[in-house]
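> Here it is, the structure in full.
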Amino acid sequence: MTEALAPISEPERGGDSSHGNSHGASKAALAFGAIGIVFGDIGTSPLYAFRETFAGAANIAIDRMHVLGVVSLIFWSMLIVVSIQYVTILMRADNKGQGGSLALVALLSRHIGRSQYGWLVVLLGVFATSLFYGDSMITPAISVLSAVEGLTVVNPGLESLVIPIALVLLVFLFFLQSRGTAKVGALFAPVMIVYFITIALLGANQIWQNPDILWALNPWYAVQFFISDGVIAFLALGAVVLAVTGSEALYSDMGHFGRGPMRLSWFGFVMPCLLLNYFGQGAMIAGLPAEQAAEVVRNPFFLLASEEYRLPLVILATLATFIASQAVISGAFSITHQAMQLGFMPRMTIRHTSETESGQIYIPVINWALMVAVIILVLTFQNSSNLASAYGIAVTGAVTIDTLLMGVLFVGVWRWKWWVAAPVVLFFLIVDGAYFAANLAKIPEGGWFPLVVGLVAFTLLTTWARGRKLMRERMHETALPIEIFAKSAKNSAARVPGTAIFMASQTAGVPSALLHNIKHNKVLHERVIILTVLIADAPYVDATERCEIHDIGDGFYRAVLHYGFMQETNVPQGLKEMERCGGEFDMMHTSFFLSRQTLLPSSNPGMPIWREKIFAWMLRNAATAMDFFRLPTNRVVELGSQVEI
Numbered sequence: 001m002t003e004a005l006a007p008i009s010e011p012e013r014g015g016d017s018s019h020g021n022s023h024g025a026s027k028a029a030l031a032f033g034a035i036g037i038v039f040g041d042i043g044t045s046p047l048y049a050f051r052e053t054f055a056g057a058a059n060i061a062i063d064r065m066h067v068l069g070v071v072s073l074i075f076w077s078m079l080i081v082v083s084i085q086y087v088t089i090l091m092r093a094d095n096k097g098q099g100g101s102l103a104l105v106a107l108l109s110r111h112i113g114r115s116q117y118g119w120l121v122v123l124l125g126v127f128a129t130s131l132f133y134g135d136s137m138i139t140p141a142i143s144v145l146s147a148v149e150g151l152t153v154v155n156p157g158l159e160s161l162v163i164p165i166a167l168v169l170l171v172f173l174f175f176l177q178s179r180g181t182a183k184v185g186a187l188f189a190p191v192m193i194v195y196f197i198t199i200a201l202l203g204a205n206q207i208w209q210n211p212d213i214l215w216a217l218n219p220w221y222a223v224q225f226f227i228s229d230g231v232i233a234f235l236a237l238g239a240v241v242l243a244v245t246g247s248e249a250l251y252s253d254m255g256h257f258g259r260g261p262m263r264l265s266w267f268g269f270v271m272p273c274l275l276l277n278y279f280g281q282g283a284m285i286a287g288l289p290a291e292q293a294a295e296v297v298r299n300p301f302f303l304l305a306s307e308e309y310r311l312p313l314v315i316l317a318t319l320a321t322f323i324a325s326q327a328v329i330s331g332a333f334s335i336t337h338q339a340m341q342l343g344f345m346p347r348m349t350i351r352h353t354s355e356t357e358s359g360q361i362y363i364p365v366i367n368w369a370l371m372v373a374v375i376i377l378v379l380t381f382q383n384s385s386n387l388a389s390a391y392g393i394a395v396t397g398a399v400t401i402d403t404l405l406m407g408v409l410f411v412g413v414w415r416w417k418w419w420v421a422a423p424v425v426l427f428f429l430i431v432d433g434a435y436f437a438a439n440l441a442k443i444p445e446g447g448w449f450p451l452v453v454g455l456v457a458f459t460l461l462t463t464w465a466r467g468r469k470l471m472r473e474r475m476h477e478t479a480l481p482i483e484i485f486a487k488s489a490k491n492s493a494a495r496v497p498g499t500a501i502f503m504a505s506q507t508a509g510v511p512s513a514l515l516h517n518i519k520h521n522k523v524l525h526e527r528v529i530i531l532t533v534l535i536a537d538a539p540y541v542d543a544t545e546r547c548e549i550h551d552i553g554d555g556f557y558r559a560v561l562h563y564g565f566m567q568e569t570n571v572p573q574g575l576k577e578m579e580r581c582g583g584e585f586d587m588m589h590t591s592f593f594l595s596r597q598t599l600l601p602s603s604n605p606g607m608p609i610w611r612e613k614i615f616a617w618m619l620r621n622a623a624t625a626m627d628f629f630r631l632p633t634n635r636v637v638e639l640g641s642q643v644e645i
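Residue numbering for the sequence shown follows our numbering, beginning at 1 and increasing consecutively.
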């Protein structure tokens, strides 16, 4: 799978030819679908981003200069971070159509994995993925809370109902996951389109009344804000960045719709609607007397609408945040599946919620862990303003890491000259680093939460990857060559009818289950197949390249099934694609033998004892290979073995 250091070929760059849109759907139809699935997170930011810039820790004065400065910062942040960095540049860095930190790491590893700093690239990508879990906990909580809080604008007496209603909606959201979203997913795009058009019209109405706000398009007002306020303007960046949360998700979801349709959705519809709303909020505040503006800025989004339309706006915003939260949760499932396939997480039970779409999956452990975390967040922080203090640091951390990986991409994959790549990367590092530094001030007020979640996830992911590597090395050291074993075993055990498939993690040596079987049962099947499932560093492997088979002789075969890290590892289905290997596979006459390892303390441990204990706990609680590889339950035999690491 290793390729030479060379620029990505055009087919590899082309997200438009990805697996996610291979059914001939038109670009417009895909762009329509992307609006409902991809842009919910960034699309619901107007509910709280502008408000928190003034109402947050920065304590900014509400006057024309500051309003223009804040709106200018939002505009240029959206232009630089989302439109240029992610939609224009990083979306060209797809891994066979797939995006996201792990997909980017897999792409980089394929080109520079064996270089001196290849391990650092992997660690950066894993940490960015770890931060996503903190983001996926806060996003549903702050989005749904901020929408339901609109009830207090309609009627202040409803304040006591905000948390109970938000909790009911969130719990319902997580219980919905096990049923999948295939049926309700068709409603996502129409609802989000109505939402975007509504917020655009509300903003345009205010701009029409106070067109002076359009001066904020001039970056000088953002610069003037920093010149006049210094530290306060810097702290304001911690709230301004809320307007671009979800930018990393755009890159991660690229594989579902393709680069072209997502760019069409963003530049042609979503970005204009968002900017109209932000400028509209600024126009409304700038056109009010100071005392009234101070009152309105507490929840300007819902006050854009006249009194009789505020309750419908609350309902529409709640639906939008519900859809946005659904997309984030689905993203957590997808990221977890990628991490499992790439060897950073133990096997977990995966349920497929759609018979036609392989990407629609449900992972119970992740779902219930997220639900518990979200409930705790709502009960602890109580309102969306407090949650805003915890929000942002995970997003800006991931964006900053993506910028560093982008630099590696420029030089190591696209083969840019360093003196061309350096200024580009330095520019984005200054911008993204400023947002990250501003969010560090939020750590005491709640920013510690996503950092703790990220560090815990990073520890688990790296511990599993390290432990798995050590375990494979120990097993390889004691492995007996299959050719020698086959010759010695053919006359030392009785042969019985049928096929025995021994699952092996490596493509060399004899699996421990086979050794234990002949030692204790003293029989061999007529056909013995040692089967290894290998996950490529590309998202998809074509069916024509799925199977690899070697006849060892004496009824022994070694077979390999190749899958991409986005594909389902369905072994029975893969076996149906094998046309050789001594005949077809009859599941009623085929037995699968699995090894289950038990770790023993080592006199020379390969990693600290505390990490070994974590790895042992993860190994004990991992889903069985039977579930993960979709093996028939009545055809599986499991044999244990002991390993020192």
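By construction, the Cβ of each residue, glycine as well, lies at the ideal position given by its N, Cα and C atoms.
Please report how far the alpha carbon of N299 lies from the alpha carbon of V378, in whole angstroms.
Reading the sequence shown from its first residue, position 299 is the one you call residue 299. Reading the sequence shown from its first residue, position 378 is the one you call residue 378. When rounded, the distance between both Cα atoms is 19 Å.
> So the candidates are V637, I35, C547, L599; which of them puts its Cα closest to the Cα of F257?
The residue labelled residue 257 in the question sits at position 257 within the sequence shown. The option with the nearest alpha carbon to F257 is I35.
> What's the gap between the Cα of F226 and the Cα of N621?
As a first step, residue 226 is located in the sequence shown; it is residue number 226 there, counting from the start. As a first step, residue 621 is located in the sequence shown; it is residue number 621 there, counting from the start. Computed Cα separation, rounded: 52 Å.
> Could you spell out where the alpha helix (DSSP H) holding T53 opens and where it closes?
By one-based count along the sequence shown, residue 53 stands at place 53. Segment 49 to 55, the alpha helix (DSSP H) holding T53.
> What residue from A388, E483, A493 has the CA that sits closest to E646's CA?
The first residue shown for the chain is 1 and the last is 645, placing residue 646 beyond what the model contains.
> Answer with buried or exposed for A61, where buried requires no fewer than 16 other C-beta atoms within 10 angstroms of its C-beta.
Translated into the one-based positions of the sequence shown, residue 61 becomes position 61. It is exposed - the Cβ of A61 has fewer than 16 other Cβ atoms within 10 Å.
> What does the alpha-carbon distance come out to for the pair Y540 and R495?
In the sequence shown, residue 540 corresponds to position 540, counting from 1. In the sequence shown, residue 495 corresponds to position 495, counting from 1. Each residue's alpha carbon lies about 38 Å from the other.
> Counting pairs of Cβ atoms below 8 Å between the segment 256 to 272 and the segment 28 to 43, do you hit three or more?
Yes: at least three Cβ pairs fall under 8 Å.
> Return the CA-CA distance between L619 and S505, expressed in angstroms with no decimal places.
For the purposes of this step, residue 619 is identified with residue 619 of the sequence shown, where counting begins at 1. For the purposes of this step, residue 505 is identified with residue 505 of the sequence shown, where counting begins at 1. Going from the Cα of L619 to the Cα of S505 covers about 14 Å.
> Which residues bound the beta strand (DSSP E) around L288?
The residue labelled residue 288 in the question sits at position 288 within the sequence shown. L288 -> no beta strand (DSSP E), and no H or E assigned at all.
> Alpha carbon to alpha carbon, how far is L480 from V328? Give it in angstroms, no decimals.
On the sequence shown, residue 328 is found 328 positions in, with the first residue counted as 1. On the sequence shown, residue 480 is found 480 positions in, with the first residue counted as 1. Rounded to whole angstroms, V328 to L480 spans 46 Å at the Cα level.
> Do you know offhand how far L409's Cα is from Y362's?
In the sequence shown, counting from the first residue as 1, residue 409 sits at position 409. In the sequence shown, counting from the first residue as 1, residue 362 sits at position 362. Answer to the nearest angstrom: the Cα atoms are 32 Å apart.
> Exposed or buried, S492, counting other C-beta atoms within 10 Å across all chains shown (16 or more means buried)?
By 1-based counting over the sequence shown, the position of residue 492 is 492. Exposed.
> Count the other CB atoms, across all protein chains shown, that sit within 10 Å of the CB of M588; report buried if there are 16 or more and exposed otherwise.
On the sequence shown, position 588 is the one that residue 588 refers to. Exposed: under 16 other Cβ atoms inside 10 Å.
> CB V244 to CB V71, shorter than 8 Å?
Walking along the sequence shown from the start, residue 244 turns up at place 244. Walking along the sequence shown from the start, residue 71 turns up at place 71. No. Outside cutoff.
> If we count Cβ pairs, one from each stretch, closer than 8 Å, do we get three or more for the segment 92 to 102 versus the segment 117 to 135?
yes
> Could you check which residue in A293, A465, P289 has the C-alpha nearest to that of A339?
Within the sequence shown, the letter at position 339 stands for residue 339. For A339, the nearest C-alpha among the options comes from A465.
> Give the list of continuous alpha helix (DSSP H) stretches no shorter than 4 residues that lie fully inside the segment 473 to 548.
Counting only unbroken stretches of 4 or more residues, the alpha helix (DSSP H) elements lying wholly within the segment 473 to 548 are 482 to 489, 512 to 520, in sequence order.
> Got a sec? Which residues, its chain only, sit under 7 Å from F556 by beta carbon, not counting five neighbours each side?
Residue numbering aside, residue 556 sits at position 556 when the sequence shown is read from its first letter. Annotation for F556: I482, A486, V528 place their beta carbon closer than 7 Å to its own, counting only its chain and skipping 5 residues before and after.
> With which residues is S591 paired in a DSSP beta bridge?
Numbered from its first residue, the sequence shown carries residue 591 at position 591. Bridge partners of S591: A500.
> For G331 and A249, what's the separation of their Cα atoms in angstroms?
As a position in the sequence shown, residue 331 is number 331, starting the count at 1. As a position in the sequence shown, residue 249 is number 249, starting the count at 1. Their backbone Cα atoms lie some 8 Å apart in a straight line.
> In the DSSP assignment, what residue or residues form a beta bridge with E638?
If you number the sequence shown from 1, residue 638 lands on position 638. E638 pairs with L594.
> Identify every run of the alpha helix (DSSP H) within the segment 205 to 243, keeping only runs that are complete inside it and at least 4 residues long; order them along the chain.
220 to 229, 231 to 240
> Could you check if L460 is buried or exposed, using at least 16 other CB atoms within 10 Å of its CB as the buried criterion?
In the sequence shown, residue 460 corresponds to position 460, counting from 1. Under this definition L460 is a buried residue.
> Comparing C-alpha positions only, which one of G553, Q567, C547, Q597 sits nearest to G574?
Taking the first residue of the sequence shown as 1, we reach residue 574 at position 574. The shortest Cα separation from G574 among G553, Q567, C547, Q597 belongs to C547.
> At the level of alpha carbons, what is the spacing between Q382 and F502?
Counted from its first residue, the sequence shown places residue 382 at position 382. Counted from its first residue, the sequence shown places residue 502 at position 502. Counting only the Cα atoms, F502 lies some 53 Å from Q382.
> Name the DSSP bridge partner or partners of I361?
Numbered from its first residue, the sequence shown carries residue 361 at position 361. Beta-bridge pairing links I361 to H352.
> Out of A294, R472, L304, P272, point me to the one whose CA is closest to M284's CA.
Counting from 1 along the sequence shown, the entry for residue 284 is found at position 284. Selected option, being the one with the closest Cα: L304.
> Less than 8 Å between the C-beta atoms of G97 and G260, yes or no?
Within the sequence shown, the letter at position 97 stands for residue 97. Within the sequence shown, the letter at position 260 stands for residue 260. G97 places its beta carbon 8 Å or farther from that of G260.
> Which value, in whole angstroms, describes the spacing of the CA atoms of T532 and Y278?
For the purposes of this step, residue 532 is identified with residue 532 of the sequence shown, where counting begins at 1. For the purposes of this step, residue 278 is identified with residue 278 of the sequence shown, where counting begins at 1. Distance between the alpha carbons of T532 and Y278 is about 54 Å.
> State the Cα-Cα distance for the pair V637 and S591, rounded to the nearest angstrom.
Taking the first residue of the sequence shown as position 1, residue 637 is located at position 637. Taking the first residue of the sequence shown as position 1, residue 591 is located at position 591. Looking at the two C-alpha atoms, the distance is approximately 7 Å.
> Looking at the structure shown, is Q98 part of a helix, part of a strand, or coil, going by DSSP?
Counted from its first residue, the sequence shown places residue 98 at position 98. Strand at Q98.
> Excluding the 5 residues preceding and the 5 following I207 in the sequence, name in chain order all residues of the same chain whose CB lies nearer than 8 Å to its CB.
Taking the sequence shown and counting its residues from 1, the one referred to as residue 207 is at position 207. Around I207: I213, L214, L276, F279, G280, A283.
> Using the rule of at least 16 other Cβ atoms within 10 Å of the residue's Cβ for burial, across every protein chain shown, is K442 buried or exposed?
Here residue 442 refers to the residue found at position 442 of the sequence shown. Counting Cβ neighbours within 10 Å, K442 comes out buried, since at least 16 surround it.
> For the segment 155 to 196, list the alpha helix (DSSP H) runs that are entirely contained and at least 4 residues long, ordered along the chain.
Segments of the alpha helix (DSSP H) lying fully in the segment 155 to 196: 162 to 176.
> Skipping 5 residues on each side, what residues in its chain have a beta carbon closer than 6 Å to that of L169?
Mapped onto the sequence shown, residue 169 falls at position 169. Answer for L169: V144, listed in chain order.
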